[in-house]
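Residue numbers (this note's numbering), protein chains in the order written: chain A, 1 to 492; chain B, 1 to 492.
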């Protein structure tokens, strides 16, 4: 049996797998603080305690052979190596306090120079397209859009270090993401895996090392940061049980959904939505706003992915429940199928839109009339989220000329038939629904199984449904994009 | 005692007044048909029957001295003088079947010539501003914006006459508005009053006669139409009780609210909202989209009014209840007062906007975010309706340089404190709430009382509350107008 500790944004979960079957699932809510609007903090000590409790439970009650760890990305923890205790609350990935700070960091001469170099590289590639396949050129092209964003670990770390100021000297500071914090507390080792490291904004995924220029801007040094390991290495032992299968949430899902090779695409629909395309064994660059990440690095293989995201998807469906449009999110699929209204459009910017528009703007509901119904609004919302996904898929198709044969989905909100149907309708690509919606923990368990020699890459989750295009809604999608463009320009 | 038959859009009511106090109120629902989207028909026979039943009840149970009639305007009835029976269902004022027909009528050479003459007059007035006070010039200026609209009685009548075609010869056709239909069925007389006639689009309010050029375009002749009387004349007798106090609904409200002289302004908030300004003893012209109407013509006085309207106000509040934002419209005032959100704006175009934008466009909710609440949406709606009223008041202030000392309100939706407060906040004009929200029937009863010598113009309804400006929200109003302008230009 393998136990997976899944440290998410809302809960910490323990999932126990026996021969690839889920046999037990436990949840504990995460203690979160919102001291100011836009601030999101986690109680790092509470998080460590709950993870340790689950590790004990996995060993005592299920006699597991290995413990895997998967987690929310980019959340930053800073702790003291002398006491092993966190110096601050962890700053959550959704925490936006670094807004001004990230702008300041982006004005740094190094960043500006890097962007210039990137722009030059893009110009050169236009003249000599074959250069595009060189890793160094891809790296340069990525630099052309280099932008430190407040959700990056780098900004959070910078904020904490500045806050400490002179007091820094008192501690033997260690920084890391949630996985490395848990590993540290269970084993005393300061380690992370490549998939987590790549998401921090501190890591150079092209050359597989912590980025010196960025560390300098942040004011951190490499000794503060964890050593990076393959996800299927042994990260240490806790009560004689190996810790392995350490992997970031979206990477774990991509793996679980069997998106192992170049051109495979998955969409995880949870609180937000993450669209990840496996781009193969070489890192790629995006000029269209996609995030280049390491999908996974295992002992025997490395895969890169490009990511696009929606900040709000499941949360948006919850939000319309809160204002009274329906009393149960499970009803929204049936409601939306009932609606015959084709004129209502929603711009689902509940906290901004994310990929590729990293702008702050309010959302908008268009098409209000005396004929509108609750059903129409539910449909407008679900369609708008499908349209947002289609935008990201369009960028992927444009930047990476691989044939997208299918879109594989997991995440709680993928239980919504109307939503998945609409993704198929707008993209024209068949949509497969994973039979296990929590691909994250399933993927971590698969990687952990490989680590301890139980299997190779020969098994992914089964799929319960396939949604084929029933109706071509590209015309409506074009209308919606037009509206989005208008909405983005509204300045009152 | 005086009995008022109030033939509204949803119900026919009988209100019995004794010494200016309401002593009884009965309601009967109106039978309405919607054979196609946008079609609104009334069963004219059913309407006549219910009014006669109420007249009998007024005489038998309350021994009334007079029966007054007030009614929805512009609804068209066509009947046969030989049998006294309606030839068609009545075409309701909201009926939009005449859309194409009104466009055709507007292309008529006479209409185009009239507009040209009007434009010339406007040009001349710019050079010789004193000319503006001449009635003929005002008439010409009004012609510059002359436009036959599908809600006009003229279009409905034209539609019915065309539909009859050759069969016209079979009948002794009589046409009229709801008041004249009721009077005809109770007394056999074919009469209407000036306030109803002026609203038909068939009447020349400047020269107090049916308009020959429009009648020609419609294909009707003057013999088909009722004779026009002052509202306080005796329109005949029913079972020896005089019928008098025949007056259109908005005129009756204006009278009831004591807006007897030039510069007095009232707002009736029902299903829709009607903003009426008493412009005094001479008709006026508007180039800003206001409708020139006869407020009333009584034996001893004539008053004109300019009108602006919102198609949807109370209905909009009902609509958001229907989609789940609240379960009781009575809660919306309290909800709106609770909201602290200043960023949510609504464009309340549920069936178009009406004055001064006679365009068809969908409504829009702007400012959707993860922080929005039901309270915020209720506030955005009520504010948007106040802003729409402010737009009309602004036109009135611009076109008629009289000091607006107060805005008097009646109609069911005027019970909403937040709404009335916001009208005061945005316009800066104190808002008085009538103690009797059904000003329509109260006004008709006051006119009927004058007709039978019970009193002169010395009494209007009492006022229960005054709302003074508490907060200047002109900045927000300007933002909202900017959004409205953007919304009107959206073409998807």
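Glycine included, C-beta positions come from ideal geometry on N, C-alpha and C.
The structure displayed is predicted, hence computed values, not measured ones.
Next item on the list: Would you decide whether residue 243/A is buried or exposed? Buried here means 16 or more other CB atoms lie within 10 Å of its CB.
Entry: Its Cβ being crowded by 16 or more others within 10 Å, residue 243/A is buried.
Next item on the list: Give a yes or no on whether the minimum CB-CB distance between residue 366/B and chain A is below 7 angstroms.
Entry: At a cut-off of 7 angstroms between C-beta atoms, residue 366/B counts as an interface residue with respect to chain A.
Note to self: Can you check whether the C-beta of residue 473/B is within less than 7 angstroms of a C-beta belonging to chain A?
What the structure shows: Taking Cβ atoms only, chain A never reaches closer than 7 angstroms to residue 473/B, which makes this a no.
Item checked: Where residue 532/B meets chain A, residues with beta-carbon distance less than 8 angstroms -> A question about residue 532/B goes unanswered here, because the residues of chain B that appear run from 1 up to 492.
Next item on the list: Report the residue from 410/B, 362/B, 402/B, 391/B whose alpha carbon sits nearest the alpha carbon of residue 489/B.
Entry: Nearest C-alpha to residue 489/B: 362/B.
Check: Should residue 50/A go down as buried or exposed, given a rule of 16 or more other Cβ atoms within 10 Å for buried?
Finding: By the Cβ neighbour-count rule, residue 50/A is buried, with 16 or more other Cβ atoms within 10 Å of its own.
Checklist line | Cutoff 8 angstroms; reference residue 371/A; Cβ partners in own chain excluding five residues on either side | finding: Within the same chain, 341 come within 8 angstroms of residue 371/A by CB-CB distance, once the 5 residues on both sides are set aside.
Notebook entry, point to check: In whole angstroms, what separates the C-alpha of residue 261/B from that of residue 96/B?
Noted result: Whole-angstrom Cα-Cα distance: 34 angstroms.
Margin query: Less than 7 angstroms between CB atoms is the rule here; does residue 213/A satisfy it with respect to chain B?
Written below: No, its Cβ sits nowhere closer than 7 angstroms to a Cβ of chain B.
Next item on the list: Could you tell me whether any Cβ in chain B is nearer than 7 angstroms to the Cβ of residue 369/A?
Entry: It does: the Cβ of residue 369/A has a partner Cβ on chain B nearer than 7 angstroms.
Notebook entry, point to check: With distances taken between CB atoms, is the gap from residue 337/B to residue 312/B smaller than 7 angstroms?
Noted result: Cβ atoms of residue 337/B and residue 312/B: not closer than 7 angstroms.
Next item on the list: For the region 336-364 of chain B, enumerate the residues whose C-beta is nearer than 9 angstroms to any C-beta of chain A, in chain order.
Entry: Cβ proximity to chain A below 9 angstroms picks out 343, 344, 345, 346, 347, 348, 349, 350, 351, 362, 363, 364 from the region 336-364 of chain B.
Item checked: Alpha carbon of residue 424/A to alpha carbon of residue 441/A, nearest angstrom -> Rounded to the nearest angstrom, the two C-alpha atoms are 26 angstroms apart.
Check: Taking Cβ positions only, does residue 490/A come closer than 7 angstroms to chain C?
Finding: The question asks about chain C, but that chain is absent: this structure's protein chains are A and B.
Margin query: Suppose you measure from the CA of residue 85/A to the CA of residue 279/A; what does that come to, to the nearest Å?
Written below: Cα to Cα, the separation comes out at about 39 angstroms.
Check: Count the other CB atoms within 10 Å of the CB of residue 33/B; is the residue buried (16 or more) or exposed (fewer)?
Finding: In this structure residue 33/B is exposed. Its beta-carbon is surrounded by fewer than 16 other beta-carbon atoms within 10 angstroms.
Item checked: Under 7 angstroms by beta carbon: chain B residues contacting residue 372/A -> Within chain B, 323 have C-beta atoms less than 7 angstroms from the C-beta of residue 372/A, given in sequence order.
Note to self: Taking its Cβ as the centre, do 16 or more other Cβ atoms sit within 10 Å of residue 390/A, making it buried, or is it exposed?
What the structure shows: So residue 390/A ends up on the buried side.
Check: Exposed or buried, what is residue 151/B when buried is set at 16 or more other beta-carbons lying within 10 Å of its beta-carbon?
Finding: Counting the other CB atoms within 10 Å of its CB gives residue 151/B a total of 16 or more, which places it among the buried residues.
Item checked: Contact set between the region 292-323 of chain B and chain A, restricted to residues whose Cβ is under 7 angstroms from the partner -> Answer set for the region 292-323 of chain B: 312, 315, 319, 323.
Check: Whole-angstrom Cβ separation of residue 316/B and residue 446/B, contact assumed at under 8 angstroms?
Finding: Incorrect: roughly 30 angstroms between the Cβ atoms, too far for contact.
Notebook entry, point to check: Is there at least one Cβ from chain A nearer than 7 angstroms to residue 36/B's Cβ?
Noted result: With 7 angstroms as the cut-off, residue 36/B does not count as an interface residue toward chain A.
Notebook entry, point to check: How would you call residue 126/A, buried or exposed, if buried means at least 16 neighbouring beta carbons within 10 angstroms?
Noted result: Burial call: exposed.
Check: alpha helix (DSSP H) containing residue 54/B: first to last residue?
Finding: Counting along the chain, the alpha helix (DSSP H) containing residue 54/B begins and ends at 44-62.
Next item on the list: With DSSP as the reference, label residue 260/A as helix, strand or coil.
Entry: Of the three classes helix, strand and coil, the one that applies to residue 260/A here is coil, per DSSP.
Notebook entry, point to check: Got a sec? Which residues, its chain only, sit under 6 angstroms from residue 321/A by beta carbon, not counting five neighbours each side?
Noted result: So the list reads 329, once near-sequence residues are dropped.
Checklist line | Contact set between residue 377/A and chain B, taken where Cβ atoms lie within less than 8 angstroms | finding: Ordered by position in chain B, the residues that pass the 8 angstroms Cβ test against residue 377/A are 323.
Check: What is the rounded straight-line gap between the Cα of residue 308/A and the Cα of residue 480/A?
Finding: C-alpha separation (whole angstroms): 19 angstroms.
Note to self: Quick check on the burial criterion: 16 or more other C-beta atoms within 10 angstroms. Buried or exposed for residue 207/B?
What the structure shows: Classification of residue 207/B: exposed, given that the 10 Å Cβ count is below 16.
Checklist line | Spatial distance of residue 154/B from residue 148/B (CA atoms) | finding: Between the C-alpha atoms of residue 154/B and residue 148/B there is a straight-line separation of about 8 angstroms.
Check: Fully enclosed by the region 445-471 of chain A, which beta strand (DSSP E) runs are 3 residues long or longer?
Finding: As far as the region 445-471 of chain A is concerned, its whole beta strand (DSSP E) runs of at least 3 residues are 463-467.
Next item on the list: Answer yes or no: do residue 178/B and residue 89/B have a C-beta to C-beta separation smaller than 7 angstroms?
Entry: No.
Check: When burial is assigned at 16 or more other CB atoms within 10 Å of the CB, is residue 133/A buried or exposed?
Finding: Label assigned to residue 133/A: exposed.
Check: How far does the beta strand (DSSP E) with residue 434/A in it reach, from first residue to last?
Finding: Its beta strand (DSSP E) spans residues 431-434.
Next item on the list: Measure how close the beta-carbons of residue 290/B and residue 395/B come, nearest whole angstrom, since I'm counting them as under 8 angstroms.
Entry: About 6 angstroms separates the beta carbon of residue 290/B from that of residue 395/B, a gap short enough to meet the 8 angstroms contact definition.
Next item on the list: Can you tell me which of 410/A, 482/A, 472/A, 419/A puts its alpha carbon nearest to the alpha carbon of residue 462/A?
Entry: For residue 462/A, the nearest C-alpha among the options comes from 410/A.
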